[in-house]
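Student:
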Amino acid sequence: MTIQRVKPGDFTKTPVEKTDDPDFGTDVIPKERYTSRDFMQKEWDRLWTKAWLWGCASQDIEEPGDYIVTSIGKEEILLTRQPDGTARGFYNVCQHRGNRIMMGQGNATTFRCNYHHWEYRLNGEFENIPDADSFPQGKPPCGGLTEVRVQEWNGFVFFSLDPDGESFDDFIHPLKEHLGPYHFERMVKVTDWTVEWDCNWKTSVDAFNESYHVQGIHPELLYFIEDKHLQIDTYEKHNRYLIPFATISHRVNETTEIPHLIKHAMKEAGMDPADFDGRVSEIRGALQKFKRENGPAMGIDYSELNDEQLTDDYHYMIFPNITMNTHAEDLMMFRQRPHETDPDRMYFDVQMFKLLRKDEERPRKPRNERFKHGERSMGLVLDQDAANLPGVQRGMHSAAFDGLWLGDQELRIRHFHKVLMDYVGQD
Amino acid sequence: MDLGLKGKKAAVTGGSRGIGKSIATLLAQEGCDVSICARGQDAIAATRAEIEGHGVQSFGTALQGRDGESVRTWMRDTCETFGGLDVLVCSLSAGGGTNDERYWYRSFEIDLMSATRAVEEAYPHLKASGSGSILIVSSMAAAETFVSPMAYNAMKAALVTWSKQLAEHYAPKGIRVNCLQPGPTMFPGSNWEMIKVARSRIYSGVLRQQPTRRMGEAEEIARAAVFLASPAARWVTGATLRVDGGYTKGVQF
């Protein structure tokens, strides 16, 4: 069974050309990158404090005074909307005794530290210091909170801890052109989880950078996606694969009954599986056509997306730690953050966004829910990934394991490690 | 025992895959010319080649089961091409899976109406045959609660009642009518093969109830089907035969 792909000449705004596969060799990826505290420190010094990092969704700080606290490693960053509509970011630390200033998210007119009520304006400047005249040395000369660079793009706020680092435009290239057509800024956030996982942050990044594991731990998906014959593209820092959905894997036989996940995708689009007379392998194309024709009536604008974007997952990795499952109507985004001190632990953030249909009521803004692996379900597929990772991390410490033995289907992992080492420099 | 099928003319709806295909090729092996209809042209071509491999004639049309006129046309074309008909097996099915309203119409058209339409068109030829027989493929899912309430189970039950009345009505015309109720059956490309992978809990739940801890194979169903359809079963009519490896628990009195 061949999968129909967008051909040269077909409409697309997101580039679909296959990039030449780089030759990164076949060497083992040393396991120490996943287990060593020394390497973890190098990552902090050379990667986390240098690269642009995803901070929050623009809608998390929609109105002036809205703020949200995010963290990376030992640092907390306060992201906030200014009266002029721009987003700014500051280290979330009081210049007095080092206390954290804000927690979670909300709206404020000033940022006031709970400890001695030192107060800062939305732009970070000192607003009020109680008993200021009791400080013979005067106010700290910094003038207020320490600012970090912030850039807003496509509905997201990125920040960089490096005051002199590369521009965001250089960093994100070429993804503006790739992801712009999805208009994430039109989507609303519906899920916001932070899960503590017992593995290195890269163990998780790797898990989403190949689909070779689908036949291993997600057998159900063989009746929903083509897991092997997919296009892998690598760019300067970022990479992607284009993975056909609403079809069946070449690994399984075509059935007469429509597999339940495909049925679900049809129903979501308003297409009744009971009225479909074609073969299962013909559904993907038919569903693309149906969405193209019926999108406007449902209040969904598909005009900037090509046909296969209407069914497939254009799966992007924004270096170093963002996984984006992009679909025409929704975005399932994962952010992988290192633990503050332990290379065997990490924070896995799940944020899901969706387009609202015509007349669909905007759901309540989700609160960030924080839990540990296994405490609650995230849905079958993510649970399968999550259940697997602690075992991978444990094995990394085994005397019998040297490192990752990667195949062609895992090219994105090699590419990720290439870019990682461009930053970190040495093992 | 000779089944007496050599030189007979047979038609099997849905004969390009699974149980239907197994019945079609077994009939060919017994010496029947065999005609089939199904959705996929490729599968029809492959099955016809297999049928002809047994030194008999084949015929086949790709059609949508809920397109009544196509089913009728295929039946008429079959009888015309073969110059008559002795055996009709109605095996076409929409499958199970949901209780949504549109699926009731789909099951009604494909499972029930394709059978009644084929029978209606075949009737004069089966009557002329002198040893005409009809086999309706129902399902054990008609006899006991199975998986969940859905159109499939109810339509398969309707086929049982209809075939019994048909048997009495056609007996004086020399046409036998029987009904077959297969249990869960596994073959490459079967829905059970998909359910085993995609909905493994449903699969293991069903398998646990099977005393032999395995599902049936298409040929195990086809052997019973071909016997019932053959002149060897000439005193069997109005029967409903369950072929399920002991799956069902109810006692049939």
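Residue numbers (the numbering used here), protein chains in the order written: chain C, 22 to 448; chain S, 11 to 263.
Here a beta-carbon is modelled for each residue, glycine too, at the ideal position from N, C-alpha and C.
Nothing here was measured: the structure is a model prediction, and the numbers come from that model.
I'd like the ranges of any alpha helix (DSSP H) spanning at least 4 consecutive residues and lying wholly in the segment 216 to 240 of chain S.
Tutor: 228 to 239
Student: Is the beta carbon of V37/C closer than 9 Å to that of L376/C?
Tutor: Their beta carbons are not under 9 Å apart, which means L376/C does not touch V37/C by this criterion.
Student: Against chain C, with Cβ distances strictly below 9 Å, would E203/S count as a contact?
Tutor: With respect to chain C, the C-beta atom of E203/S has a partner C-beta closer than 9 Å.
Student: Could you tell me whether any Cβ in chain C is nearer than 9 Å to the Cβ of P221/S?
Tutor: Answer no: the Cβ-Cβ gap between P221/S and chain C never drops below 9 Å.
Student: Which runs of the beta strand (DSSP E), 3 residues or longer, sit entirely within the segment 297 to 383 of chain C?
Tutor: 334 to 339, 343 to 347, 351 to 359, 367 to 375
Student: Using the Cα positions of T91/C and H259/C, report the straight-line distance between them to the nearest angstrom.
Tutor: Taking the straight line from one Cα to the other gives about 22 Å.
Student: What does G199/S touch in chain C if you count any residue whose Cβ is under 7 Å from its own?
Tutor: N274, E275, T276
Student: Just the C-alpha distance for L95/S and D52/S, rounded to the nearest angstrom, thanks.
Tutor: 25 Å
Student: Going along the chain, which residues of its own chain have a beta-carbon closer than 7 Å to the beta-carbon of G17/S, five neighbours each way excluded?
Tutor: Its chain contains G41 as the residues whose beta carbon lies nearer than 7 Å to that of G17/S, once the 5 sequence neighbours on both sides are disregarded; these appear in chain order.
Student: Do the segment 140 to 151 of chain C and the segment 160 to 172 of chain C make contact, defined as three or more Cβ pairs closer than 8 Å?
Tutor: yes
Student: Is the segment 219 to 238 of chain S touching the segment 194 to 201 of chain S, taking contact as three or more C-beta pairs under 8 Å?
Tutor: yes
Student: Check whether the Cβ of A208/S lies closer than 9 Å to any Cβ atom in chain C.
Tutor: With respect to chain C, the C-beta atom of A208/S has a partner C-beta closer than 9 Å.
Student: Just to confirm, is the Cβ distance from G176/C to F340/C under 9 Å?
Tutor: no
Student: Could you give the DSSP three-state label for N221/C: helix, strand or coil?
Tutor: coil
Student: My assumption, with CB atoms under 8 Å, is that S264/S sits in contact with G24/S. Please give the rounded CB distance.
Tutor: Residue 264/S is absent from the model: chain S starts at 11 and stops at 263.
Student: So does the segment 302 to 311 of chain C actually touch the segment 227 to 242 of chain S, counting three or more Cβ pairs closer than 8 Å?
Tutor: By the Cβ test, the segment 302 to 311 of chain C is not in contact with the segment 227 to 242 of chain S, since fewer than three Cβ pairs between them sit closer than 8 Å.
Student: Could you tell me whether the segment 243 to 258 of chain S touches the segment 170 to 189 of chain S, where touching means 3 or more Cβ pairs closer than 8 Å?
Tutor: yes
Student: Leaving out five residues on either side along the sequence, give the residues of the same chain with a beta carbon under 6 Å from the beta carbon of R133/C.
Tutor: For R133/C, where only same-chain residues beyond five positions count, the Cβ hits under 6 Å are E140.
Student: How long is the line joining the alpha carbons of I61/S and F297/C, rounded to whole angstroms?
Tutor: CA-to-CA, the gap between I61/S and F297/C works out to about 29 Å.
Student: What does Y244/C reach in chain S if we use C-beta pairs closer than 8 Å?
Tutor: Under the 8 Å cutoff, chain S gives M204, V207, A208.
Student: Please tell me whether R49/S has its Cβ less than 9 Å away from any Cβ of chain C.
Tutor: yes
Student: On a Cα-Cα basis, can you pick out the residue from V187/S, W114/S, R209/S that is closest to Y162/S?
Tutor: W114/S
Student: Expressed to the nearest angstrom, what Euclidean distance is found between the alpha-carbon atoms of K312/C and T88/S?
Tutor: 40 Å
Student: Per DSSP, M196/S is paired with what?
Tutor: E227/S
Student: Given a cut-off of 9 Å on the beta-carbon distance, is the pair G75/S and S124/S in contact?
Tutor: yes
Student: Could you confirm whether any beta carbon from chain S is found closer than 9 Å to the beta carbon of H281/C?
Tutor: yes
Student: CB of C189/S to nearest heavy atom of the ligand NAP: below 8 Å?
Tutor: Judged by which ligands are present, the structure shown has none, so any question about the ligand NAP falls away.
Student: Since M417/C and Y55/C are thought to touch, with beta carbons under 8 Å apart, how far apart are those beta carbons, to the nearest angstrom?
Tutor: For M417/C against Y55/C, the beta-carbon gap comes to about 5 Å, under 8 Å, which counts as contact.
Student: When burial is assigned at 16 or more other CB atoms within 10 Å of the CB, is V129/S buried or exposed?
Tutor: buried
Student: A408/C: which of F266/C, F189/C, T224/C sits nearest, CA to CA?
Tutor: T224/C
Student: Output, in chain order, the set of chain C residues within a Cβ distance shorter than 7 Å of D110/S.
Tutor: A295
Student: Within the segment 88 to 144 of chain C, note down every full beta strand (DSSP E) run reaching 3 residues or more, in order along the chain.
Tutor: 96 to 102, 108 to 112, 126 to 128
Student: What first and last residue would you give for the alpha helix (DSSP H) that runs through N201/S?
Tutor: Start and end: 201 to 208.
Student: List, in order along the chain, the chain C residues whose C-beta lies closer than 7 Å to that of Y113/S?
Tutor: Counting only Cβ-Cβ distances below 7 Å, Y113/S has contacts in chain C at A295, in chain order.
Student: Tell me I144/S's beta-bridge partners as DSSP assigns them.
Tutor: L98/S, V187/S
Student: Per DSSP, what kind of secondary structure is R170/C in: helix, strand or coil?
Tutor: strand
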